[in-house]
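S.K.: Below: one structure in structure tokens.
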Amino acid sequence: MHVRSRVSWTVLPAALTLVLGASTVGATAPADAQAEGKDDKGAAYDLVIRRGHVIDPKNDIDGVRDVAVKDGKIAKVARSIDASGAKKTVDARGNYVTPGLVDMHAHMFPGPKQDYANGWNGVAPDGFTLRAGVTTAVDTGSSGASNFDQFKTEVIDKSKTRVLAFLNIVGKGMAGHPYEQDLEDMKADVAAKVAKANPETIVGIKTAHYNGPEWDPVERSVQAGEEAGIPAMIDFGADSEERPLSQLLTEKLRPGDIYSHMFSGLRGELGADGKLNPAMKKGRDRGIVFEVGHGGGSFSWDVAVPGMKEGFTPDVISTDLHISSMNSGMKDLSNVMSKFLTLGMPLEDVIEASTWIPAQTIQKPELGNLSVGAPADIAVFALERGKFGFVDSFGWRIDGKKKLVAETTVRAGEVVWDLNGKAAEKWYPGANPPENASGDHEH
């Protein structure tokens, strides 16, 4: 089934209330302003990305376009925009231009403690997101109700990357064993209260790593999500006869809830016959969202290859970014996207599963698209061709012929990653530093 045909059930009802002027994409400015590279009010564009192949699934754009940015917002998308008056231009000929990627599974609460809650397993967002074309990253359960404020103050509020969060049902978050096994610290009402107090940032509830036979972590996460009007994401923990995957996907979760690590093979996703567990398709029919969540131990070619052959493509392509996953087979989101190109998923669908679908799933439809008025979060990719090796979480390699590489990333209208200096002025003898140069005091 084509990814786009499933959009209607990947969103909870609250997400249907906001539509960002898709009909205005490509609206024509007055001829005199347009000729001078200005917007319809006569102000110069801050940035124009020219002649790239734009893929914007929300707006059904799949072709060569120019994209203009003003005041941190998308100002215009059209077949041709005069950029003569623009403050900065990027020549994207031969590249793909997409909405900034939305990585719906990451761990970004670094600190001195163990594991992921204020711990050494987490990573500082800006160091590992922007360089892969990611402008929005969702921390999935590193913090819980008792330490979310610390996470917000120390990470979310200081990051250039837009950082959102799934709040862990465990009050202490992902603080490791035995904290994540403590049913007494899993309070649905407390989690829902914190989520409702932070609607701009908390986009879901997360349960993870629970090893017991009880359904309490799942049921309380769903309860908290129900109270706060947000989805629950389930990392199902250890495989258990008392908690079969079929019951989770057909009874416990709501439409719009998320099953993480869909190709891990660790929780009965693949049967002994080499085919997907029928519960996976039954869950999809009910409206469960399936996300990759690659990680360091949750993506197996043994499951992904037969799953893709059966047409079970991911709704959301995501990383499960942390220190071990980024230094092993996962690497970054552009690398995970390239794996699905290798498995035969069309580029347009790969982009959609990394932008517009996750934006809808977390009820942030202003993200993951290039509608006029949307935040100017943009990624420019080269699609390199050659021989590339892609490794799963268990050390096995599949070779591919295509690889996405992030050339330029724009966050809120600012160029924040520029691999080959496409947005930079060309040096010449006697040239003065550009006005926006960092200078020599940032060491």
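Everything in the sequence shown is counted per my numbering, starting at 1338 for the first residue and increasing by one. Positions of the beta carbon are idealized from the N, C-alpha and C atoms, including for glycine.
Can you list, in chain order, the residues of its chain whose CB lies under 7 angstroms from that of Pro1550, leaving out five sequence neighbours each side?
M.R.: Around Pro1550: Ser1577, Glu1579, Arg1580.
S.K.: What number of angstroms, rounded off, separates the C-alpha of His1390 from the C-alpha of Leu1720?
M.R.: Distance between the alpha carbons of His1390 and Leu1720 is about 11 angstroms.
S.K.: Which residues in the same chain have their Cβ closer than 8 angstroms to the Cβ of Ile1660, if we skip the five residues on either side of it in sequence?
M.R.: Contacts found: Trp1457, Asn1458, Gly1459, Val1460.
S.K.: Beta strand (DSSP E) containing Val1282: first to last residue?
M.R.: Lying before the first or after the last residue shown, residue 1282 is absent from the chain, which here runs from 1338 to 1780.
S.K.: Taking one C-beta from the stretch 1688-1702 and one from the stretch 1401-1417 each time, how about it: are there three or more such pairs within less than 8 angstroms?
M.R.: The stretch 1688-1702 is not in contact with the stretch 1401-1417.
S.K.: Determine contact between the stretch 1673-1684 and the stretch 1732-1747, defined as no fewer than three beta-carbon pairs at a distance below 8 angstroms.
M.R.: Touching, per the Cβ criterion.
S.K.: Taking the alpha-carbon of Val1629 as reference, which of Asp1714, Val1507, Leu1658, Val1709 has the nearest alpha-carbon?
M.R.: Nearest of Asp1714, Val1507, Leu1658, Val1709 to Val1629, Cα basis: Leu1658.
S.K.: In the DSSP assignment, the alpha helix (DSSP H) including Phe1677 goes from what residue to what residue?
M.R.: Its alpha helix (DSSP H) spans residues 1670-1679.
S.K.: Would you check if the stretch 1559-1570 and the stretch 1604-1616 touch, i.e. whether three or more CB-CB distances between them fall below 8 angstroms?
M.R.: These segments do not touch.
S.K.: Please classify Ala1368: does DSSP put it in a helix, a strand, or coil?
M.R.: Summary for Ala1368: the model assigns pLDDT 43, below 50, so the residue's position carries little reliability; its value from the coordinates is reported in the next sentence. If DSSP states are grouped into helix, strand and coil, Ala1368 belongs with the helices.
S.K.: In the structure shown, what three-state DSSP assignment does Thr1361 receive?
M.R.: Summary for Thr1361: the model assigns pLDDT 35, below 50, so the residue's position carries little reliability; its value from the coordinates is reported in the next sentence. Reduced to three states, the DSSP call for Thr1361 is helix.
S.K.: Hey, quick one: how far does the beta strand (DSSP E) through Met1570 stretch, first residue to last?
M.R.: Taken as a continuous stretch (DSSP letters only), the beta strand (DSSP E) holding Met1570 covers 1569-1571.
S.K.: May I ask which residues mark the beginning and end of the beta strand (DSSP E) holding Thr1746?
M.R.: Where Thr1746 is concerned, the enclosing beta strand (DSSP E) stretches over 1734-1748.
S.K.: Check whether the stretch 1684-1700 and the stretch 1420-1436 are in contact - that is, three or more C-beta pairs closer than 8 angstroms.
M.R.: Judged by Cβ distances under 8 angstroms, the stretch 1684-1700 makes contact with the stretch 1420-1436, as three or more pairs qualify.
S.K.: State the CB to CB distance for the pair Thr1472 and Thr1498, rounded to an integer number of angstroms; the pair is presumed to be in contact (CB under 8 angstroms).
M.R.: Sure, about 7 angstroms apart at Cβ, within 8 angstroms.
S.K.: Suppose you measure from the CA of Ala1760 to the CA of His1442; what does that come to, to the nearest Å?
M.R.: Roughly 29 angstroms separates the two Cα atoms.
S.K.: Could you tell me if Asn1757 is buried or exposed, where buried requires 16 or more neighbouring beta carbons within 10 angstroms of its beta carbon?
M.R.: Classification for Asn1757: exposed.
S.K.: Rounded to whole angstroms, what's the CA-CA distance from Val1709 to Glu1647? Just pull it up for me.
M.R.: So the alpha carbons of these two residues sit roughly 38 angstroms apart.
S.K.: Hey, how far is the Cα of Phe1636 from the Cα of Phe1725?
M.R.: About 18 angstroms.
S.K.: Buried or exposed for Glu1588, please, with buried defined as at least 16 other CB atoms from any protein chain shown within 10 angstroms of its CB.
M.R.: Result: exposed.
S.K.: If we count the other Cβ atoms within 10 Å of its Cβ and call it buried at 16 or more, is Arg1748 buried or exposed?
M.R.: With 16 or more other Cβ atoms within 10 Å, it is buried.
S.K.: Which residues in the same chain as Val1673 place their Cβ atom closer than 7 angstroms to its Cβ, once the five residues preceding and following it in sequence are excluded?
M.R.: Same-chain partners within the cutoff: Val1629, His1631, Ile1654, Thr1656, Met1667.
S.K.: Applying the criterion that 16 or more other CB atoms from any shown protein chain within 10 Å of the CB defines a buried residue, is Glu1517 buried or exposed?
M.R.: Buried, because 16 or more other Cβ atoms sit within 10 Å of the Cβ of Glu1517.
S.K.: For my contact list, Ala1835 and Ala1454 are in at a C-beta cut-off of 8 angstroms; report their separation, rounded to the angstrom.
M.R.: Any property of residue 1835 remains undetermined from this structure, which presents the chain solely from 1338 to 1780.
S.K.: Could you name the residues that DSSP lists as bridge partners for His1390?
M.R.: According to DSSP, which records beta bridges pairwise, His1390 is partnered with Val1401, Tyr1433.
S.K.: On a CA-only basis, which of Ser1665, His1546, Tyr1547 is nearest Ser1730? Give me that one, please.
M.R.: Ser1730 has its Cα closest to that of Ser1665, out of Ser1665, His1546, Tyr1547.
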